[in-house]
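Residue numbers (my numbering): 9 to 348.
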């Protein structure tokens with residue numbers, strides 16, 4: 009891993025660089041309270057001229073696609089990067105509305121250097137967040153399925169820039185004081201282990217988050233997007249409103265209970281560690297076969313047994329046609345467990 013200490017605006021404004029949030033990352037989730045706290049920190053940094061540390065931006069470099077734009081896949085740091093982009097979008101809109109500038113910094117400068125790169129968006133969020141952010145930056149209509157947090161926080165920052173006494177120079181001075189650690193993963197680094205370590209703090213990841221990340225993180229960005237759209241997105245959508253991904257987590261636990269019979273999950277906190285043990289020690293098939301099977305099992309679970317206890321009806325589950333073709337695991341066949 010190659011690490012450097014850099015100012016946020018220098019990182020975001022890097023020439024011909026685009027930041028992409030991979031689909032295995034969870035959606036944008038910052039609250040208004042977090043945005044308000046960050047706003048205060050930035051203005052305070054501007055008043056005192058003291059640097060304000062905002063954390064780590066961990067990324068890997070995507071293969072060159074010949075476009076002239078270097079695309080960086082963000083492994084950690086997406087929440088603050090997205091929030092600061094929304095803040096800059098609100099500042100750009102206010103400068104354009106008023107015709108104001110801060111020295112050489114005007115609305116066009118913010119847009120051309122910090123929000124766009126070569127006609128493309130500087131920051132590409134994942135999933136639903138992506139279309140919503142693009143609509144905001146392009147001044148277009150919001151998508152039918154909107155990312156509410158993205159819209160709410162953008163409107164929050166717009167309202168702050170319209171408050172009486174707001175000085176865009178104070179905000180820009182604070183933005184110039186934002187410091188981060190820029191960390192570039194090399195081929196020798198294990199991105200999943202680093203991701204798990206970095207995300208052991210803050211809002212805990214659900215089992216669904218961890219499993220999704222584990223399965224997709226090693227693929228290149230195009231393959232991540234394809235696998236997510238074909239397999240994982242349907243898994244997430246089939247459970248509907250699922251706070252904390254409890255229904256999805258229960259489905260994964262049941263699937264593991266059947267597929268990995270030699271390991272017993274005594275508590276739901278063990279689900280992810282058992283899942284990793286199954287994939288690394290037991291499963292011998294292709295990734296896509298596993299995703300097909302997990303999608304099929306979760307569909308069956310969500311439609312028929314979503315309210316059952318994890319061990320209820322385990323024999324019935326084995327008789328459903330959810331497995332991918334022939335046996336794709338090292339689980340020994342049992343005469344009483346059809347469906348394999």
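We treat Cβ as the ideally placed atom computed from N, Cα and C, and that holds for glycine.
- Every unbroken stretch of the alpha helix (DSSP H) spanning 4 or more residues and falling wholly within the stretch 127 to 180 is given here in chain order: 135 to 146 and 156 to 169.
- Inclusion of residue 159 and residue 137 in the CB contact set at 7 Å is not warranted, their separation being larger than that value.
- Residue 27 has 80 and 131 as its beta-bridge partners, per DSSP.
- A straight-line Cα-Cα distance of about 49 Å links residue 57 and residue 247.
- Inter-residue distance for residue 174 and residue 31 is about 37 Å (C-alpha atoms, whole angstroms).
- Residue 110 has 113 as its beta-bridge partners, per DSSP.
- Distance from the CA atom of residue 285 to the CA atom of residue 75, rounded to whole angstroms, is 40 Å.
- Following the DSSP letters along the chain, one finds residue 67 inside the beta strand (DSSP E) bounded by residues 60 to 69.
- Checking the DSSP bridge columns, you'll see residue 14 partnered with 188.
- Per DSSP, the unbroken alpha helix (DSSP H) holding residue 219 starts and ends at 215 to 224.
- For residue 35, the secondary structure class from DSSP, reduced to helix, strand or coil, is coil.
- Contact between the stretch 68 to 84 and the stretch 182 to 194 is present: 3 or more CB-CB pairs across the two stretches fall below 8 Å.
- A check of alpha carbon separations from residue 307 across 153, 260 and 129 identifies 260 as the nearest.
- In the structure shown, residue 118 adopts helical secondary structure according to DSSP, grouped into three states.
- Comparing alpha carbon positions, the residue from 61, 300 and 62 closest to residue 237 is 300.
- Residue 218 and residue 15 have their C-alpha atoms some 30 Å from each other.
- In terms of Cα proximity to residue 215, the closest of 161, 279 and 227 is 279.
- Here the stretch 224 to 234 makes no contact with the stretch 99 to 117; the two share fewer than three CB pairs at distances below 8 Å.
- Its chain contains 220 as the residues whose beta carbon lies nearer than 6 Å to that of residue 240, once the 5 sequence neighbours on both sides are disregarded; these appear in chain order.
- Take residue 115, set aside five residues on each side of it, and the residues of its chain with a beta-carbon closer than 6 Å to its own are 100, 103 and 104, in chain order.
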